[in-house]
Amino acid sequence: MKKQLTIIIGLLLSSSITVHAQVAQKLRELGMENIRTIETGGTTVAAFEDNVYRGTYRGVGKAIIAGMEGMGNGNLELVALDGNGIPQLSISLPDTLIAGYKSGGISLKEVYERMEMSYDTDRPMGLLKGSAGVINRSAWKADIVLYPEVSLENSTFDKLYSYRVNLSPAVEMDLWKGAKATAQVVFPIATNMKGEYKKIRPGVMTISQEIRFRNNFLARIVAGNFTDHRIGAQAEVKYRTGNGRVELGAQIGTTGYSAITDDGWYIGTRQRINAAVKGSLYVPQFNTQLDLQAGRYLYGDYGLRGDCTRHFGEYAVGVYAMYVEGEVNGGFHFAIPLPGKKWNRNHAVRMKPAEFFAAEYSMVSWGEYADRKMGYTYQTRPAENQSSGFFQPEYIRHFLIKSIEKERNKKQF
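Residue numbers -21 to -1, 1 to 392, in mature numbering (1 follows the signal peptide of the UniProt record, and there is no 0), belong to the letters of the sequence shown in order.
As structure tokens, this is what we get:
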């Protein structure tokens, strides 16, 4: 009797290990990184980081399918990590949903419609602390990312437009959880501007650390050389609700002037303080994001900015308005995906194009607004846009479903 009981317990343990090992194997076959799995209480929990597929929802969809294929029985809970290994999204699939999908009784579209998605990742990540280890770590792997840059500016009377076309490759390396080193060099391709714009020069060169606290609080600290001739440090913190519809945050930075001159790399000692408080609302009925921020800009002016951005899958198009010390400005911005939906990383170094091309148009570039450099700010990443790293749960669900409908329509024709 004892021997039979031992065999039964052994078989159960073996089955449990096999299930979450199979899920890990399926995720590894996709090229996912920083994979961790554990089985507890009839639920297989797995975390993964997608550095293969462009955007966010495409990789999440692939991971959901792979995870269900690796399941024998029981529930499945997936945690999607961002490119820095920070938990962003929890996806729960009950055993009945998985069994129905594998038997053919439930379509993939129904899976996407019925699965639970949330920004709340504390519980599954707490369970994963007991996992055996990390599979396919991303630490110390480097990407050489080719960023195209195009700038048009109508701010002088002697020429219709000032233009710049650059190719700005950046080496981006994960150091440890949440930490990333970036080193970018700007190569001018074509310009009608003078000075440093005709020189090879440093772009974004930073070290950053992101941290996720409990209850959906996140923080980021970054130091180095930023865009728009700034060098220094910036810290930001934000909170978001579990459904991802509301986000609140604040940031503060201190920077000096940075530029390439005929005498070399000039770094100014005078520090300028910028700060802002922010709020964001996502309206799922229209796939629209509303942003509002108030703060102190780079040259000491204070103002408000409001953005309205509509998401069309991986495309994002938006308009904005600013009110800065009596002056009004506005414009539009967009982010479009660049060719290449998938880029495998099989070696320590990978070369790939940027995932998105983003640009912003400012309506006012003359008068007091331009003379006083009002509304000036900077970016701390080579790729800051409304599409990159966007893990809003309802956005993910909506465009996973739309992608299935799109494929179905293609087959009909």
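We put the beta carbon where it would ideally sit given N, CA and C, even for glycine. Predicted model only: the values in this text are computed from it and were never measured.
Terminal residues of the beta strand (DSSP E) in which residue i lies
i              : result
serine 366     : Looking at the DSSP string, serine 366 is not in any beta strand (DSSP E), and its letter there is neither H nor E.
serine 117     : That residue, serine 117, is in no beta strand (DSSP E); it is neither H nor E in DSSP.
glycine 310    : 306 to 316
proline 181    : 180 to 191
leucine 146    : 141 to 153
methionine 330 : 328 to 332
glycine 235    : 225 to 240
glycine 258    : 251 to 262
methionine 301 : 294 to 303
leucine 60     : 54 to 60
aspartate 29   : Per DSSP, aspartate 29 belongs to no beta strand (DSSP E) and is neither H nor E.
Cβ pair residue i, residue j closer than 8 Å
i                 : j                 : result
alanine 229       : valine 201        : no
tyrosine 98       : glycine 221       : yes
phenylalanine 353 : valine 307        : Just to set this straight, residue 353 is methionine in the shown sequence, not phenylalanine. No; because the gap between Cβ atoms is not below 8 Å, this pair is not in contact.
glutamate 128     : serine 147        : yes
valine 124        : alanine 149       : yes
cysteine 287      : leucine 269       : yes
arginine 102      : leucine 76        : no
asparagine 285    : alanine 300       : Checking the sequence shown, residue 285 turns out to be glycine, not asparagine. It is a contact, given that the beta carbons lie within the stated cut-off.
leucine 277       : threonine 356     : yes
glycine 53        : threonine 22      : yes
serine 366        : glycine 40        : no
isoleucine 43     : isoleucine 85     : no
alanine 78        : leucine 57        : no
glycine 232       : asparagine 204    : no
proline 316       : phenylalanine 335 : yes
arginine 224      : asparagine 195    : no
threonine 19      : leucine 106       : yes
asparagine 133    : phenylalanine 166 : no
glutamate 89      : aspartate 122     : no
glutamate 293     : glycine 34        : yes
threonine 359     : threonine 100     : no
arginine 191      : glutamate 215     : no
proline 263       : glutamate 384     : no
Sequence-distant residues of its chain with Cβ nearer than 6 Å to residue i (five each side left out)
i              : result
proline 361    : Tyr126, Ala149, Gln163, Val183
glutamine 67   : Ala59, Asp61, Phe370
lysine 178     : Ile239
lysine 120     : Ala327
glycine 368    : Asp61
isoleucine -14 : Below a pLDDT of 50, predicted positions are generally treated as unreliable, and isoleucine -14, at 45, falls in that range; no measurement from the model is reported.
threonine 267  : Arg289
asparagine 364 : Ala314, Phe335, Ala337
glutamine 188  : Gly157, Ala158, Ile200
Beta-carbon contacts of residue i that lie in its chain and below 7 Å, excluding the five residues immediately before and after
i              : result
lysine 217     : Leu197, Glu226, Leu227, Gly228
methionine 342 : Asn308, Gly309, Gly310
residue 397    : Because residue 397 is not part of the residues shown, which for the chain are -21 to 392, the question remains open.
tyrosine 142   : Ser130, Leu131, Thr170, Asn171
glutamate 339  : Gly310, His312
glutamine 1    : Gly49
arginine 180   : Val165, Ile239
aspartate 74   : Asn52, Gly53, Asn54
isoleucine 168 : Val144, Asn145, Leu146
Extent of the continuous alpha helix (DSSP H) to which residue i belongs
i             : result
valine 39     : 36 to 49
alanine 78    : 74 to 82
tyrosine 348  : 346 to 350
glycine 64    : No alpha helix (DSSP H) contains glycine 64, which DSSP labels as neither H nor E.
tyrosine 91   : 87 to 93
aspartate 286 : Note, aspartate 286: premise wrong, no alpha helix (DSSP H); beta strand (DSSP E) at 281 to 291.
residue 425   : Because the chain is modelled from -21 through 392, residue 425 falls outside the range shown and cannot be assessed.
Cut-off 8 Å between Cβ atoms - residues of its own chain near residue i, not counting five sequence neighbours on either side
i             : result
tyrosine 236  : His208, Arg209, Ile210, Tyr245, Ile246, Gly247, Arg249
arginine 116  : Glu12, Asn13
histidine 377 : Pro263, Asn266
threonine 234 : Phe205, Arg209, Ile210, Gly211, Ala212, Gln213, Gln250, Arg251, Asn253, Leu277, Tyr357
For residue j and residue i, believed in contact at Cβ under 8 Å, the rounded distance
i                : j             : result
tyrosine 91      : leucine 379   : 5 Å
isoleucine 375   : methionine 96 : 6 Å
phenylalanine 38 : leucine 6     : Checking the sequence, you will find glycine at residue 38 rather than phenylalanine. Not a contact, Cβ separation roughly 10 Å.
alanine 118      : leucine 154   : 6 Å
arginine 351     : aspartate 280 : 7 Å
Any non-hydrogen atom of the ligand FMN closer than 7 Å to residue i Cβ
i          : result
glycine 79 : Looking at this structure, you won't find the ligand FMN or any other ligand, since it has none at all.
Practice item. Assess, as a yes-or-no matter, whether the segment 30 to 37 is touched by the segment 303 to 313 under the definition of 3 or more beta carbon pairs within less than 8 Å. Key: no
Review point. Is it true that the segment 6 to 15 meets the segment 101 to 113, where meeting means three or more beta-carbon pairs spaced less than 8 Å apart?
Key: Three or more pairs of CB atoms, one per stretch, sit closer than 8 Å, so the segment 6 to 15 contacts the segment 101 to 113.
Point to revise | the segment 325 to 337 / the segment 257 to 265 touching (three or more Cβ pairs under 8 Å) | key: no
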